[in-house]
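In the numbering used here, the protein residues as written are 8 to 319.
Below: the structure, in structure tokens.
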């Protein structure tokens with residue numbers, strides 16, 4: 008067995024260990040489990056999709072032996088599947104509008120992964136509904152049981168919190184999943200760039216541009232929210248939140264692009280993110296800014312090519 012194959016197997020086993028930390032119940036272990044994608048992205052962005060497949064097979068084999076089919080299935084859906092898909096798309100080389108070879112633009116990667124995770128959410132919520140269960144009631148019972156197992160008394164305040172979480176619980180889980188996926192990919196890329204082992208240049212957030220179909224998908228979900236009812240409206244509302252994430256990143260791209268014009272770029276961005284974190288509504292405003300940017304190109308009409316989409 009070659010050295011690279013051994014490293015891929017090790018990365019897969021490391022990812023499976025991070026995944027299993029969820030079962031420990033320890034807060035620190037739970038935090039570390041969020042980085043379960045990182046070993047997979049390190050191998051994928053360094054040695055390519057084939058080595059990543061070896062890592063995924065090693066991880067899945069270990070999980071089947073240790074826990075059976077349930078951990079294997081969850082790992083494939085949450086960790087291995089998205090990592091393989093994103094790595095494969097990120098390393099595809101194609102010709103741009105000028106006929107020059109280049110990598111798939113960041114905006115397409117972001118939008119495609121958002122759609123993929125929205126589809127997984129639709130399948131899961133649809134499966135619950137197909138069993139004859141009311142999806143909102145099912146989530147309410149799940150949250151209530153979770154709080155009870157944590158020893159939290161069911162006071163009116165806690166019930167109000169459960170009610171708020173119930174409305175957007177699928178979207179909260181899906182958005183967290185999506186953002187951690189991007190965060191792990193970015194960390195892996197940064198590590199590889201620093202060590203000179205990256206296969207593609209790092210994306211530049213300030214020049215990210217979304218594909219035209221991303222707005223169509225978001226608008227379709229919004230249309231269903233307005234005209235559907237019951238479980239369909241509930242699922243559509245949560246899907247719309249997930250499909251809004253690319254526009255949130257587009258809004259951040261606009262902010263980064265404008266901040267780059269000033270000498271105090273780091274200070275401006277630091278203040279901006281502090282204000283954004285302190286105000287939940289600021290993310291709604293940034294998402295709206297991203298939609299406006301998508302429609303009228305406040306930064307100008309730049310083609311999504313390697314020359315302006317990637318940071319050299």
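Ideal Cβ positions, reconstructed from N, Cα and C, are used throughout, including at glycine.
When you compare the CB positions of residue 40 and residue 49, do they come within less than 8 Å of one another, or not?
Not a contact, by the Cβ cut-off of 8 Å.
Supposed contact pair residue 243 and residue 255 - C-beta distance, whole angstroms, cut 8 Å
Taking 8 Å as the upper bound for CB-CB distance, residue 255 and residue 243 are not in contact here, some 19 Å apart.
Cβ neighbours of residue 56 in the same chain (closer than 7 Å, five flanking residues each side left out):
91, 94, 95, 98
Sequence-distant residues of the same chain with beta carbon closer than 8 Å to residue 279, five excluded per side:
262, 266
So residue 52 packs on residue 206, CB below 8 Å; how close in whole Å?
6 Å
Give the range of the alpha helix (DSSP H) segment to which residue 52 is assigned.
45-54
Express the C-alpha separation of residue 25 and residue 33 in angstroms, rounding to a whole number.
12 Å
Could you give the residue range of the alpha helix (DSSP H) that holds residue 290?
287-303
Would you mind reading off the limits of the alpha helix (DSSP H) that contains residue 79?
76-82
For residue 200 and chain C, any beta-carbon pair shorter than 8 Å?
The chain labelled as chain C is not found in the depicted structure, where only one protein chain is given.
Taking all protein chains shown into account, decide if residue 224 is buried (16 or more other Cβ within 10 angstroms of its Cβ) or exposed.
buried
Spatial neighbours of residue 249 within its chain, please: CB distance less than 8 Å, with the 5 preceding and 5 following residues excluded, ordered by chain position.
121, 124, 125, 128, 178, 181, 182, 185
Using beta-carbon positions only, say whether residue 215 and residue 260 come within less than 8 Å of one another.
yes
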